[in-house]
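Only one structure is covered here, and it is reproduced in the block below.
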Amino acid sequence: MEMMLADERRSVRRDVEVECQVVRAQGGEVLAERAVDLSTDGMLVLSQAACVLGESMLATFCVPGTAQWMTVPARVARVIAGRRHNDPGRAVALEFEVLDIEVQRTIRAALEILPEPPPARPRRVDYAGTAGLIALDD
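Residue numbering for the sequence shown follows this note's numbering, starting at 1 and increasing by one per position.
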């Protein structure tokens, strides 16, 4: 019997270079001008700037494949030092704050036509799901 694999992504995510400007909500300092990953939940931006988890930002970006620009509130969800072999360099993962449903739909529609990125690491086994499949076989 094959093991069931966990589907961990909550949203459509694509490796895509996006022109953007991410600024600190307090003070307006520019943190980044290029995103390398975008989803309906957030974006990964290349940045040498120091920041802290939970820090509030404003992200303005061009929706891929369109001429439409959006500005959304975001917070720092992760800081990437760029030491791992598959890291894009020093980067900051931003999680978008609550988005209007139309904004989510616009981003999702633009991303769904792009190819999925290859997984950076092997997918995890969903042991509970696998146990459920085994129980059904009995």
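From the three backbone atoms N, C-alpha and C, an ideal C-beta is built for every residue, glycine too.
If you draw a straight line from the Cα of S39 to the Cα of R90, it is about 19 Å long. Taking the C-beta atoms as reference points, L94 is found no nearer than 8 Å to A110.
In the three-state DSSP reduction, V103 falls in the helix class (H, G or I).
By the criterion of a C-beta distance shorter than 8 Å, P64 is surrounded in its chain by R14, V16, V18, L38, A110, L111, L114, once the five residues flanking it on both sides are discounted. Scanning its chain for C-beta atoms nearer than 8 Å, with the 5 sequence neighbours on each side dropped, one finds around C20 the residues A32, E33, R34, A35, M43, V45, A59, T60, F61, C62, in chain order. S56 counts as exposed, since fewer than 16 other C-beta atoms from the protein chains shown sit within 10 angstroms of its C-beta.
Residue environment: A25 is assigned as exposed (fewer than 16 neighbouring CB atoms within 10 Å of its CB, all protein chains considered).
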